[in-house]
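J.: Okay, so the sequence shown: first residue is 27 according to our numbering, each after it adds one.
For glycine and all other residues, C-beta sits at the position ideal for the given N, C-alpha and C.
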Amino acid sequence: MLDNASILITGGTGSFGKKFIEMIFKKYNPRRVVVYSRDEYKQFVVRNMFSRKLTSEQMSKLRFFIGDVRDKDRLYRAFKDIDYVIHAAAMKQVPVCEYNPFEAIKTNIHGAQNVIDAALDRGVKKVVALSTDKAVNPINLYGGTKLVSDKLFTAANAYSGEKGTVFSVVRYGNVAGSRGSVIPFFKSCIEKGEKELPITDFRMTRFWITLEEGVELVFKAIRESKGGETYVSKIPSFKVVDLAKAISPECELKEVGIREGEKLHEVMITKDDSRNAFEYEKHYIVYPNFDWWSKDKHFKNGGKRIEDGFEYNSGTNKEWLSVEDLRKRLELLNIED
27 MLDNASILIT GGTGSFGKKF IEMIFKKYNP RRVVVYSRDE YKQFVVRNMF SRKLTSEQMS
87 KLRFFIGDVR DKDRLYRAFK DIDYVIHAAA MKQVPVCEYN PFEAIKTNIH GAQNVIDAAL
147 DRGVKKVVAL STDKAVNPIN LYGGTKLVSD KLFTAANAYS GEKGTVFSVV RYGNVAGSRG
207 SVIPFFKSCI EKGEKELPIT DFRMTRFWIT LEEGVELVFK AIRESKGGET YVSKIPSFKV
267 VDLAKAISPE CELKEVGIRE GEKLHEVMIT KDDSRNAFEY EKHYIVYPNF DWWSKDKHFK
327 NGGKRIEDGF EYNSGTNKEW LSVEDLRKRL ELLNIED
């Protein structure tokens with residue numbers, strides 16, 4: 027499906043975008059991959075990085091398009107002759123969104139609507155939007171804007187008609203080793219010679235997902251989505267204190283208090299969503315509950331309905347990583363600066 031296809035990724039200079047570019051050229055032979063983002067310096071860095079990793083033929087297929095998702099006219103120009111769009115652009119830092127709520131709304135909500143309008147009017151085949159655990163029962167502005175964004179992309183299928191654009195959502199939490207996440211933070215503390223690692227709450231748990239696994243889930247959504255699905259990977263959980271022990275067994279751990287807008291556990295599927303959720307071999311799908319959605323047209327066969335009241339929560343997950351498991355995974359992990 028992705029061979030000889032034109033693919034555009036918004037916010038394509040971030041951690042996910044760089045891994046997506048790397049993997050799509052390893053696994054497929056696209057006609058064109060367009061990076062759409064607003065920071066010219068980051069595009070310069072990414073272009074130089076891939077000039078050393080890709081062949082000259084592959085580099086000729088990698089394009090860079092300066093633009094903001096807030097700018098609908100620019101999106102219309104960029105979406106010309108595009109087959110698939112991955113929407114990764116967002117304001118994601120919780121404190122920044124809290125202090126700049128109007129800006130977060132312009133990017134995360136108005137920008138999402140602009141992507142939808144441009145995709146519909148330009149005849150894009152499929153759009154996959156990246157979501158976050160923070161959109162589930164949100165307690166901060168970032169999560170609130172991403173909840174609205176998810177709802178917009180799901181509902182957009184009602185406007186695309188029988189053969190129009192297919193919209194779906196992929197949801198996961200903090201990616202292991204990604205820029206700004208806890209693993210590079212702990213490592214930077216150790217490099218500075220600190221003897222204590224700060225833990226906001228000793229009870230805290232998180233899901234473990236790598237960038238590769240996140241990209242693979244997006245590939246699955248592109249291949250299989252029929253409209254309105256929210257894809258969630260089946261992945262293990264870990265305790266943050268165990269992660270700290272795996273990184274530096276000799277360090278003391280200090281509980282410093284949970285931060286504003288932070289949750290003890292990541293939740294990917296709520297009890298209310300479980301009524302529309304199905305379990306597959308390696309993932310879950312939450313289906314929409316709209317009149318336009320039809321099981322005959324939109325359902326992916328092979329799924330088993332989840333029992334009512336199920337919650338996919340990192341604190342109550344069935345699969346867990348021990349300190350030794352985490353240590354082994356850390357050895358294989360590429361850490362984002």
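Along the chain, where does the alpha helix (DSSP H) containing Glu239 start, and where does it finish?
T.: Glu239 -> alpha helix (DSSP H) spans Leu237 to Glu250.
J.: On a CA-only basis, which of Asn200, Asn163, Ala247 and Ile311 is nearest Ala155? Give me that one, please.
T.: Checked all of Asn200, Asn163, Ala247 and Ile311; the closest Cα to Ala155 is Ala247.
J.: Please name the residue, chosen from Ser204, Thr158 and Pro56, that lies closest to Val174 on a Cα-to-Cα basis.
T.: With distances taken between Cα atoms, Val174 lies closest to Thr158.
J.: Alpha carbon to alpha carbon, what distance is there between Ser251 and Lys260?
T.: Whole-angstrom Cα-Cα distance: 18 angstroms.
J.: Below 8 angstroms on the Cβ atoms is my guess for Phe91 versus Ala145; work out the distance and round it to an integer in Å.
T.: 15 angstroms between Cβ atoms; not a contact.
J.: Measure the Cβ-Cβ separation of Arg197 and Val153 and say whether it is below 7 angstroms.
T.: Not a contact, by the Cβ cut-off of 7 angstroms.
J.: Just curious, the alpha helix (DSSP H) that Thr171 is in, first and last residue?
T.: From DSSP, the alpha helix (DSSP H) with Thr171 extends over Leu167 to Ala181.
J.: Pull up the distance between the alpha-carbon of Val141 and that of Leu28, whole angstroms please.
T.: Rounded to whole angstroms, Val141 to Leu28 spans 20 angstroms at the Cα level.
J.: Check whether the Cβ atoms of Leu223 and Leu279 sit closer than 7 angstroms, and answer yes or no.
T.: Result yes, Cβ atoms of Leu223 and Leu279 sit closer than 7 angstroms.
J.: Determine the extent of the beta strand (DSSP E) in which Glu220 is found, giving its start and end residues.
T.: From DSSP, Glu220 is part of no beta strand (DSSP E); its letter is neither H nor E.
J.: In the structure shown, what three-state DSSP assignment does Ala155 receive?
T.: Three-state DSSP puts Ala155 in a strand.
J.: Val349: which of Glu333, Trp234 and Glu286 sits nearest, CA to CA?
T.: Answer by Cα proximity: Trp234.
J.: Starting from the Cα of Tyr310, find the closest Cα among Leu243, Asn200 and Trp318 and give me that residue.
T.: Ranking the options by Cα distance to Tyr310, first place goes to Leu243.
J.: Using 7 angstroms as the threshold, is the C-beta distance between Arg301 and Asp334 below it?
T.: Cβ distance < 7 angstroms, so Arg301 and Asp334 count as in contact.
J.: Could you check whether Ser263 and Asn343 sit closer than 7 angstroms to each other, using their CB atoms as the reference points?
T.: Taking 7 angstroms as the Cβ cut-off, Asn343 and Ser263 qualify as a contacting pair.
J.: To test your reading of the DSSP string, which unbroken beta strand (DSSP E) runs of 3 or more residues are found completely within the region 64-151?
T.: The qualifying runs are 88-92 and 110-113.
J.: Which value, in whole angstroms, describes the spacing of the CA atoms of Leu356 and Gly341?
T.: Computed Cα separation, rounded: 21 angstroms.
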